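Going line by line, the protein sequences match chains H and U.
Just so you know, the working numbering puts the end of the first sequence at 79, numbered straight through with nothing missing.
Just so you know, the working numbering puts the end of the second sequence at 1348, numbered straight through with nothing missing.
All C-beta atoms, glycine included, are put in the ideal place defined by N, C-alpha and C.
Only a predicted model underlies this, so the values are computations on that prediction, with no experimental measurement involved.
These notes are about the structure you will find just below.
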Amino acid sequence: MNELEDRLIDCFQAVLPKIGREELRQVSMKSTSEWDSVVTVTLISLIEETFGVETQPGDIERLTSFKSIHDYLQRNKQL
Amino acid sequence: MQIVEYTPEHFDLLHAAALQMASRNLKHRGFVNHYYASVSWCRLYLLMAAQGGVAGVLGLERMPFRYGARDMTVGFGTNYYSMESGAGGFLFMHWLKSCDVGISFGGSQDAHRLIRSQRWPYFEGVGVYLLNKAYEVYPGQPAWKRAAKWIGRRMRRPIASYSNNIPPQIRSRISVKEEIAYTADLLPRNSPFEFRFAPSADYLAWRYDTRLPFVRYRLFRILLGNTPAGYVILNEGTDRILVAQCDGEDPESLAWGVILGLLEIANADKVPRTVKLTCCNPVMQQIYTSFGFKAEPVHPFALGSLRRGMAPLPGSDTSNWLINFDWGDNGLMDLSPTLSVATHFWCF
Chain H
1 MNELEDRLID
11 CFQAVLPKIG
21 REELRQVSMK
31 STSEWDSVVT
41 VTLISLIEET
51 FGVETQPGDI
61 ERLTSFKSIH
71 DYLQRNKQL
Chain U
1001 MQIVEYTPEH
1011 FDLLHAAALQ
1021 MASRNLKHRG
1031 FVNHYYASVS
1041 WCRLYLLMAA
1051 QGGVAGVLGL
1061 ERMPFRYGAR
1071 DMTVGFGTNY
1081 YSMESGAGGF
1091 LFMHWLKSCD
1101 VGISFGGSQD
1111 AHRLIRSQRW
1121 PYFEGVGVYL
1131 LNKAYEVYPG
1141 QPAWKRAAKW
1151 IGRRMRRPIA
1161 SYSNNIPPQI
1171 RSRISVKEEI
1181 AYTADLLPRN
1191 SPFEFRFAPS
1201 ADYLAWRYDT
1211 RLPFVRYRLF
1221 RILLGNTPAG
1231 YVILNEGTDR
1241 ILVAQCDGED
1251 PESLAWGVIL
1261 GLLEIANADK
1271 VPRTVKLTCC
1281 NPVMQQIYTS
1291 FGFKAEPVHP
1301 FALGSLRRGM
1311 APLPGSDTSN
1321 WLINFDWGDN
1331 GLMDLSPTLS
1341 VATHFWCF
């Protein structure tokens, strides 16, 4: 597990605390009943703060799963 | 998922989605196309699900405000609906990233749940005032409450009958004149209000268009002697009038100007119409209550921003703010699809 993935799991765990760390890699908005609008907003804010990125309209609505956010961060993370 | 801007070609798709929502005005083609597809500063965003169909909608009006000496864009969210769990969050983020400050005035319980989770500060002091309260009866209310409301309704009287509450010296100093067109000289040169909606005449002409077929806006210039002192726009329905938007050079002439405007349009009423307005300023509040308005529970009013230092600080004194009721679609919830253009022009 790389550092990015580890920190991203921390973010997901903060907003979806009932889901185990291993399972978090598979979560998506569609497959997770606990993922509501409050989770979406809190998660995006947390990711922006943790990784120093500023999501833009056009990108935000594609961040609907662990994988899509991971891929987005790999492309956009401030190094 | 993808967010797309509404265009008139989307109306059938929107209408199908709107059947699942509580919104009445999203089913009204004239409303949607005027307010969400005719100017760049007010748009409707459709959140399209990956498999097709609308997963959520958000109307967003970017309103020009002035806070102290600073101009800012305040985003007023309207028709905020989410049909899929989590989807509303994307529209919420889109909202906040599209303006300096987001405003919530009215709104659904779901919207306020989200706003509270983001710790938007709520501001006290946005007073609601009613004249001739409607005393509506709701299903399941006990008999004693229905009886009390019946008595309350019987005590209402036509608006003109309150005119004796205007001191004679006010009528000799302050007057109103009805206008159809919005011109720059209607706008106050100096406003005493610290936080206020500060649109251009063109913006007002779009937002409170006096020629719309589905809502009747009436515009009055307020005069102090012969000098322009502000304006008031009234949203006139058959059984209620809303003080939609007003601004002026001093609180006293503005409040009396609002009242004189009301009397102009309700002068010949045989039946009592309800009047609703919002007000934060104590001088204006005192004038409204002296005329006959009664204070109602305050409206929740929240402001939030992703940008530090933009929004007024939590706990700010709101007594010098100018908050009007008919912002966003607050005054456009009960559109009458039967109000025709012919009827509309009849009053002129």
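Roughly how many whole angstroms lie between the Cα atoms of U:Ile1323 and U:Pro1064?
13 Å
If you follow the beta strand (DSSP E) that H:Ala14 is in, where does it begin and where does it stop?
Taken as a continuous stretch (DSSP letters only), H:Ala14 belongs to no beta strand (DSSP E), being part of the alpha helix (DSSP H) at Glu3 to Val15.
Whole angstroms is fine: what's the gap from U:Ala1055's alpha carbon to H:Asp36's?
Their backbone Cα atoms lie some 13 Å apart in a straight line.
Using a Cβ-Cβ cut-off of less than 8 Å, list which residues of the segment 1100-1124 of chain U approach chain H; keep chain order.
Asp1110, Arg1113, Leu1114, Ser1117 and Gln1118
Thinking U:Asn1320 and U:Phe1193 are a contact (beta carbons under 8 Å), I'd like their distance in whole angstroms, please.
6 Å
List, in chain order, every chain U residue whose beta-carbon is nearer than 7 Å to that of H:Arg62.
Met1001
Taking a contact to mean a Cβ-Cβ separation below 7 Å, would you say U:Gly1030 touches U:Leu1044 in this structure?
U:Gly1030 is not a Cβ neighbour of U:Leu1044, given a cutoff of 7 Å.
I'd like to know if U:Ser1305 contacts chain H, where contact means its C-beta is closer than 7 Å to some C-beta of that chain.
no
Determine, for U:Phe1345, whether the minimum Cβ-Cβ distance to residues of chain H falls below 7 Å.
Reliability fails at U:Phe1345, whose pLDDT of 29 lies under 50, so the model's placement of it is uncertain and the value that follows must be treated cautiously. No Cβ of chain H is located within less than 7 Å of the beta carbon of U:Phe1345.
Output the distance between the C-alpha atoms of U:Ala1268 and U:Ala1198, rounded to the nearest integer angstrom.
33 Å
By the criterion of Cβ-Cβ separation under 7 Å, what are the contact partners of U:Leu1047 in chain H?
Glu61
Nearest to U:Met1001 by CA position, among H:Leu63, H:Asp71, H:Glu54 and H:Tyr72, is which residue?
H:Leu63
When DSSP labels each residue in this structure, what does U:Thr1289 get in the three-state scheme?
helix
From the DSSP output, read off the bridge partner residues of U:Thr1227.
U:Leu1224
Let me confirm a value: U:Met1155 is counted as buried when at least 16 other C-beta atoms fall within 10 Å, else exposed. Which label applies?
exposed
Interface residues of chain H around U:Gly1086 at Cβ under 8 Å?
Met29, Trp35, Asp36, Ser37, Val39, Thr40 and Thr64
What does the Cβ neighbour count give for H:Ile47, buried or exposed, with the cut at 16 atoms within 10 Å?
In the assembly as shown, H:Ile47 is a buried residue. Its beta-carbon has 16 or more other beta-carbons within 10 Å.
Considering Cα atoms alone, identify which of U:Tyr1288, U:Ala1160 and U:Ser1085 is closest to U:Leu1130.
U:Tyr1288
Decide yes or no for the touch test of the segment 1202-1214 of chain U against the segment 1163-1172 of chain U: beta carbon pairs closer than 8 Å, at least 3 of them.
no
Over the uninterrupted beta strand (DSSP E) stretch that includes U:Lys1329, give me the two end residues.
A small correction: the amino acid at residue 1329 of chain U is Asp; Lys does not occupy that position in the sequence shown. Run containing U:Asp1329: none; DSSP gives neither H nor E here.
Closer than 8 Å by beta-carbon distance: list the chain H residues that pair up with U:Ser1098, in chain order.
Pro57
Thinking C-beta only, is U:Leu1234 closer than 7 Å to U:Gly1261?
yes
At 4 residues or longer, what runs of the alpha helix (DSSP H) sit wholly inside the segment 1058-1125 of chain U?
1087-1097 and 1109-1117
Could you give the C-beta distance for H:Phe51 and H:Val27, rounded to a whole number, given that I count them as a contact under 8 Å?
About 18 Å separates the two Cβ atoms, so there is no contact after all.
Looking at the structure shown, is U:Val1128 part of a helix, part of a strand, or coil, going by DSSP?
strand
For H:Leu79, which residues in the same chain have their Cβ closer than 8 Å to its Cβ, ignoring the five residues on either side in sequence?
The pLDDT assigned to H:Leu79 is 45, lower than 50, so where the model puts this residue is not dependable; a value taken from the coordinates is nonetheless given after this. Excluding sequence positions up to five before and after H:Leu79, its CB lies less than 8 Å from no other CB in the same chain.
How about U:Val1232 and U:Gly1257: do their beta carbons lie closer than 7 Å?
yes
Please list, in chain order, the chain B residues whose beta carbon lies closer than 9 Å to that of U:Phe1092.
The question asks about chain B, but that chain is absent: this structure's protein chains are H and U.
At a cut of 8 Å, does the segment 1017-1024 of chain U reach the segment 52-61 of chain H through at least three beta carbon pairs?
no
Within 7 Å of any Cβ in chain U, is that where the Cβ of H:Ile47 sits?
With 7 Å as the cut-off, H:Ile47 does not count as an interface residue toward chain U.
Tell me which same chain residues have a C-beta within less than 6 Å of the C-beta of U:Pro1168, skipping the five on either side of it?
none
Taking the alpha-carbon of U:Ser1191 as reference, which of U:Gly1068, U:Asp1317 and U:Met1333 has the nearest alpha-carbon?
U:Gly1068
Buried or exposed: where does U:Trp1150 fall if 16 or more other Cβ atoms within 10 Å of its Cβ makes it buried?
exposed
Run down chain U in chain order and give the residues with a C-beta less than 9 Å from the C-beta of H:Ile44.
Gly1089, Phe1090 and Met1093
Considering just the uninterrupted stretch of the beta strand (DSSP E) at U:Phe1195, what are its terminal residues?
Element bounds for U:Phe1195: Phe1195 to Phe1197.
Any contact of the segment 1103-1119 of chain U with the segment 1292-1312 of chain U, i.e. 3+ C-beta pairs under 8 Å?
yes
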